[in-house]
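Student: Chains as they are written, first to last, in the numbering used here: chain A, 5 to 668; chain B, -10 to 400.
Glycine included, every Cβ here is placed at the ideal spot set by N, Cα and C.
There's a structure below that I have some questions on.
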C-alpha cells in the first residue's frame, strides 16, 4: 500500500525544479473574498515555469456564478494572499457553503489562513490546487519533517492506513489559494476553464496538482518548519469540527490579524500535537471496503481473499495462504524502484515459509536485512538521503508485511529505525549517515535485544530453585535461555513443555533441552490442567505487552496462564521492553493474525487421510488458525523485563518513563 | 451356573477382553453392551428356590465386579451394573408387596417377624405405591422421599418371604420366581431402551436452550451433542465453534458432521478456546461421566474450557444421559478416575526415540497423555439429562433415586 507514496518520492525532484512561489512569500492580506473567487478561478501564473497551474473548480456543479459577484475588498495592489485553507469537505460541502454565503466566505478564508506562505513582488495569479493533491503534499511534508510523528505508527502499513484515512474525512484537504490581486481576472477567466476542467481527465489534473502541492510542501518544510507544523494542527482541528458555517462565522471575527493569531495558536497546537502523538494510530480494518480497495491499489502484489472467511475476523486480512509467493517471485525480477532489497526479500520469504518465527528472531532478521539495505544504498541524484531512504525502508517493510503481518516488536523496531533516519542531520555526508544508521541498528540489536535478554535471564534465574518444576508453553527463546542458564548454574529442576497444534513448536524446544540433558515432560495443551498440579512455576514468553498490562502472545498462552492461575501457580512473563506497546486490547478478536487454515487439516503422526480432507468443499465449514491471544493482566504474577521484575500494572509506567529516552 | 452355561461365560469373557483392550470405548457403547450382557446373565440364571432375588443380585454383582475391574475408567459399566441391581431390588419389593396383597400368609409372616415395627402395615401400602411408580419409572419428589425406605423393606421382605415361603408353599414359589425374573428382564429392557433413547430425549430439550444466532462452543466429539444440535437446527440457525480436542482430534469429525447439517461451523485449535470464548454464548459438551457431587469426568481439555467459560461468564452446559450418572464421589479424580493413553498420540515413536538418542546423558523424558479431565461442579452451570435439566447441586438426589446405597460398592 505504500507503493504509491514511494513513487511520489521518485518524482519528487522534478517537482522541486518547478519553481512556482518564490521563497519567503508571506501573506499579509488575509483578504479572502478574492480567495473565494479564486477557488473558482484559474489562471496561469506568468512567472511560473510549470506547465500550467492546476485548475480545479469545486466538484459541485458550479459555485462560480455565485462567487463572481462577491464584493471584493480592495487589497493593496501589490500584495496578494496565499492562503492555506484546510477546508471541510473542501470540494463539496464547504465550497457550496462558501459559495452560497458570500459574507461568510471571505471570513472563512481569513480564518484558515494558516501559514502565510507567499508574498512578494510577483503577482501570483489565483490558483487552486486540488485539495487531495495538496493533501498529499502535506502528507509528504509530514513525512519529511515530522517523521517522529510518522514513526509513531507501529508499522508502515498502519502509517499508510493513517494516510489513507485522511482524505476520507471531509476536511482533510488543504487547499492553497493564491488570490489574485486583480479581481477582474478571475471573473473573466473562470467560466471556460471551469468547464474545461470538468471535461478533463481527473488523473492529469491530479498529477499537476500533486507537483504543485509538493513544491509548496517542500518550501514550507525547509523554511518555516515550525509554522507548518502548527498549520498541520490547524488543519487537524479544522478537520475535527464539521460545522463549517459555525467556523466561518467565528472566522469572521478573526478576520484581522489572523496571521499573528494563527501563529500563536500554532504554537499551542504544536504542543497538543505532541501529546496526540502518543496515541497509537488506528489499525487497518479489512472490512472497511473503501480502505481495503485503496490499500489494494498500493499493494505490492495482489493477494487473493480466501473464500472461507471466518465472519468474526472480517476485519483481519484473510488471504489464501502462500498464494503471494509466485507473484512475489514474478515481481522480484521487475526492475522496479520499489522492489525489495535481496536481503529483505530473503528474510521475507523466510517469514512466509515459517523458517523464522518468534518476535526476537524476526526482528533481528529484519534489522540485519535493513543493515544490508542501508549498506548497499546510495542516494539517487537530486534526492535527499533522509526522504529517499525512508521511502525505501517503507517499501521494504510493505514487502515484509505482504509476506507475513508484522509483529509488534518489529513495528517498534521499524519505528525506531525511521526515527533515526529522520533525525539525521542534513549536513552529514552519505557515507557518514549510512554508517551512523548502521551503528544505530547494531546498537538497537545489542541493547534492546541481546543485552535485554541477558538481563532478563539473570533476573529470571533467581526465581528457579532446586526441585522446581517449571512449565513453559510453546517455544520462547528467552525462556529457553533462562532454562539453559539455570541448568548451567547447576540447579536441579524439571521442565514441563506444553505444546499445541498446529505448529507444535514445543517439540523443537524439547529436542534442544533434552540435548542439553535437561529432564523434560511433554504434553498437549489439553492436558495442562492435569500437568499443572505438579508444576510450581510457569514461565512464558510474549510477543508484546500492551499498555493495559495484557500480554499478547502465542495462542494458548492465555489458557495456560488461566489454568495456572486457577491452580495458584505463579505466572511469569519474560519480555524485553522494546516489545511493549502503547496500544490496549481487551480480547483476542479485535486484533490478531490468522495463520494458514490448511495447517489444521493434517494430524501429525496419523497415517491416512484426514477427516477434514477437502474441507473447502463445504460452504459451512471454516477452519480458523488463530496465531495470538490476549492474556488478561490478572493472570500475570510478574513481568520480567531487563528493567526489573514488575507487575503488569507497571507496563504503562515503563512505556512512559523509558520511551522518553531517545533510543526508542 | 458357570459350568452350566458355557456360552454365557464365553460372552462374558469376550466382553471383558474387549473392555480390557479398550476395543469398546465410550460410555454409550460400554453401557449398552453391559446391559445386554447382564440381561443374558439374568435370563440364564437359574435361581435356587431360596432367596431368589439375592441370588440374582449375587450373580449380577460377581459379573459386574469383573466388568468394572476390566475397565475402571468406563464408569458407565459400573453405573449400569448398579442400575440392574437396583431394578432387581425394586422388582423384588413390588412382587413381595403384590404377594402381600394376594395372600395373607406372607403378610402375616411379615408381621410376625417385624412385630416391633408398628408402622409397617400402614407403610406397606405406600411402599407398594412407590414400588409401582418406580416400575413405571416416573420420578417425582414424592417418589424420591419414599425410595429411601424401599431398600430396607426390600431386604426385610425378601428374607422373610424367603423364609416363610420355603416352609409353606413351594408350588406358588415357582410362579413367583418366574414372575420376578420376568419383571427384572422387563426392567432391564426398559433400561436398555432408556440408554438407546437418551440422545433423543436430551435432544428434545434443545429448543429450550438454544436461541437464534447463538454461538456455541464445544470440544471433541459427542453423539449426544450432535443430536442435540441437530434437533435445534431444525428450528433455529446458529453458529458452532468446535475445538479439535487433541490428541484424538474427534472435533474434526464433529465439525464435518455439523457442517453437513448446514450449521455454520468453525473448527479452532484447542489453544484458541480462551481467545474465542469472549464471543461465545454457550458452551455445550458431552460428558464421559457425572459424579455424585456434580463433578464431570470429560475428555481432556474440557477443564480448561470450563475455566475459560467461567472467566467470560459463559454458561457451561453438560449433556449426560442418566446412565452416565455415577453414584460415587470422586476422590482425587485426576489420578484415580483417569487413564494415560499412549505416548505415541502426542509424540511419534521415531521422534521420541530420536530425542532420547540425541540426549547424551539420557535425561528422562515423560510424555503426559491423560484421557480425562475432572471438571469440578462449581464450573458447571447446568446438566441436561434425559430426565430434564438439573443443577450440579441436585445430582446427589438423582443418585439416590436411581441407585441403592448397598450397591455403591460392588465387592
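Do you know offhand how far residue 407/B's Cα is from residue 66/B's?
Tutor: Past the boundaries of the shown model lies residue 407/B; chain B is included only from -10 to 400, so the question cannot be answered.
Student: Quick check on residue 311/B: does DSSP put it in helix, strand or coil?
Tutor: In the structure shown, residue 311/B sits in a helix (DSSP, three-state: H, G or I).
Student: Using only alpha-carbon positions, find the residue among 239/B, 204/B and 191/B that is nearest to residue 216/B.
Tutor: Among 239/B, 204/B and 191/B, the Cα nearest to that of residue 216/B belongs to 191/B.
Student: Have a look at the DSSP bridge pairing and note the partners of residue 474/A.
Tutor: Answer is 499/A and 541/A.
Student: Closer than 9 Å, CB to CB, is residue 192/B near chain A or not?
Tutor: With 9 Å as the cut-off, residue 192/B does not count as an interface residue toward chain A.
Student: Between which two residues does the alpha helix (DSSP H) containing residue 47/B stretch?
Tutor: 41 to 59 is the span of the alpha helix (DSSP H), which, as asked, contains residue 47/B.
Student: Report the partner residues of residue 368/A according to the DSSP bridge assignment.
Tutor: Bridge partners of residue 368/A: none, in fact.
Student: Measuring only the C-alpha atoms, how far is residue 360/B from residue 499/A?
Tutor: Going from the Cα of residue 360/B to the Cα of residue 499/A covers about 22 Å.
Student: Going along the chain, which unbroken runs of the beta strand (DSSP E) with 3 or more residues stay wholly within the segment 520 to 594 of chain A?
Tutor: You should have 524 to 528, 541 to 545, 548 to 550, 555 to 558 and 575 to 578.
Student: Between residue 653/A and the rest of its own chain, which residues show a CB-CB distance below 8 Å, the 5 nearest in sequence each way excluded?
Tutor: Same-chain partners within the cutoff: 553 and 637.
Student: I want to see whether chain A comes within less than 9 Å of residue 261/B, judged by CB atoms only; does it?
Tutor: So yes, residue 261/B belongs to the interface.
Student: On the DSSP bridge assignment, give the partners of residue 228/B in chain order.
Tutor: Beta-bridge pairing links residue 228/B to 204/B and 253/B.
Student: Among the candidates 540/A, 507/A and 290/A, whose CA atom is the shortest distance from the CA of residue 357/A?
Tutor: Closest option to residue 357/A, Cα to Cα, is 507/A.
Student: Between which residues of its own chain and residue 513/A is the CB-CB distance below 7 Å, once the five residues before and five after are set aside?
Tutor: Counting only Cβ-Cβ distances below 7 Å, and skipping sequence neighbours, we find 479, 484 and 501.
Student: Do the segment 353 to 373 of chain B and the segment 269 to 283 of chain B meet, that is, are 3 or more Cβ pairs less than 8 Å apart?
Tutor: Cβ pair count under 8 Å is three or more, so yes.
Student: Return no unless some Cβ of chain A is closer than 9 Å to the Cβ of residue 417/B.
Tutor: The structure shown does not extend to residue 417/B, since chain B spans only -10 to 400, so no value can be given for it.
Student: Within 9 Å (strictly less), CB to CB, does residue 624/A reach chain B?
Tutor: Output row for residue 624/A: interface = yes.
Student: Smallest Cα separation from residue 41/B: which of 78/B, 214/B, 52/B and 60/B?
Tutor: Closest by alpha carbon: 78/B.
Student: Look up residue 605/A in the DSSP assignment and say whether it is helix, strand or coil.
Tutor: If DSSP states are grouped into helix, strand and coil, residue 605/A belongs with coil.
Student: Just verifying my parser: in three-state terms, what is the DSSP assignment at residue 317/A?
Tutor: It is helical.
Student: I'd like to know whether the C-beta of residue 289/B is nearer than 9 Å to at least one C-beta of chain A.
Tutor: Yes, contact with chain A.
Student: Please classify residue 379/B: does DSSP put it in a helix, a strand, or coil?
Tutor: Strand at residue 379/B.
Student: When the Cβ atoms of the segment 451 to 469 of chain A are set against those of the segment 383 to 395 of chain A, are three or more pairs found closer than 8 Å?
Tutor: Not touching, per the Cβ criterion.
Student: Work out the CA separation of residue 360/A and residue 471/A for me, nearest whole Å.
Tutor: Approximately 34 Å between the Cα atoms of the pair.
Student: Taking Cβ positions, are residue 310/B and residue 16/B nearer each other than 9 Å?
Tutor: Yes. Within cutoff.
Student: Alpha carbon to alpha carbon, what distance is there between residue 283/B and residue 383/B?
Tutor: Answer to the nearest angstrom: the Cα atoms are 8 Å apart.
Student: With DSSP run on the structure shown, which of helix, strand or coil describes residue 650/A?
Tutor: The answer is strand: DSSP assigns residue 650/A an E or B state.
Student: Does the beta carbon of residue 559/A come closer than 9 Å to any beta carbon on chain B?
Tutor: Yes - at least one Cβ of chain B is within 9 Å of the one on residue 559/A.
Student: Quick check on residue 504/A: buried or exposed, where buried means 16 or more other Cβ atoms within 10 Å of its Cβ?
Tutor: Per the 10 Å Cβ criterion, buried.
Student: Tell me whether the beta-carbon of residue 575/A lies closer than 9 Å to the beta-carbon of residue 639/A.
Tutor: Taking 9 Å as the Cβ cut-off, residue 575/A and residue 639/A qualify as a contacting pair.
Student: Quick check: what's the CA-CA separation for residue 387/B versus residue 181/B?
Tutor: Spanning the two alpha carbons is a distance of roughly 19 Å.
Student: Which residues in chain B sit within 7 Å of residue 563/A, going by Cβ to Cβ distance?
Tutor: The answer, in chain order, is 260, 262, 263, 293 and 297.
Student: Name the residues in the segment 512 to 531 of chain A whose C-beta lies less than 7 Å from a C-beta of chain B; which are they?
Tutor: Result list: 514, 515, 518, 519, 521, 522, 523, 524, 525, 526, 527, 528, 529, 530 and 531.
Student: Measure the alpha-carbon distance for residue 321/A versus residue 22/B and round it to whole angstroms.
Tutor: C-alpha separation (whole angstroms): 51 Å.
Student: Since I believe residue 523/A is in contact with residue 633/A (beta carbons under 8 Å), could you give me their beta-carbon distance rounded to a whole number of angstroms?
Tutor: Contact flag wrong, Cβ pair sits at about 29 Å.
Student: Look up residue 145/B in the DSSP assignment and say whether it is helix, strand or coil.
Tutor: Below a pLDDT of 50, predicted positions are generally treated as unreliable, and residue 145/B, at 45, falls in that range; no measurement from the model is reported.
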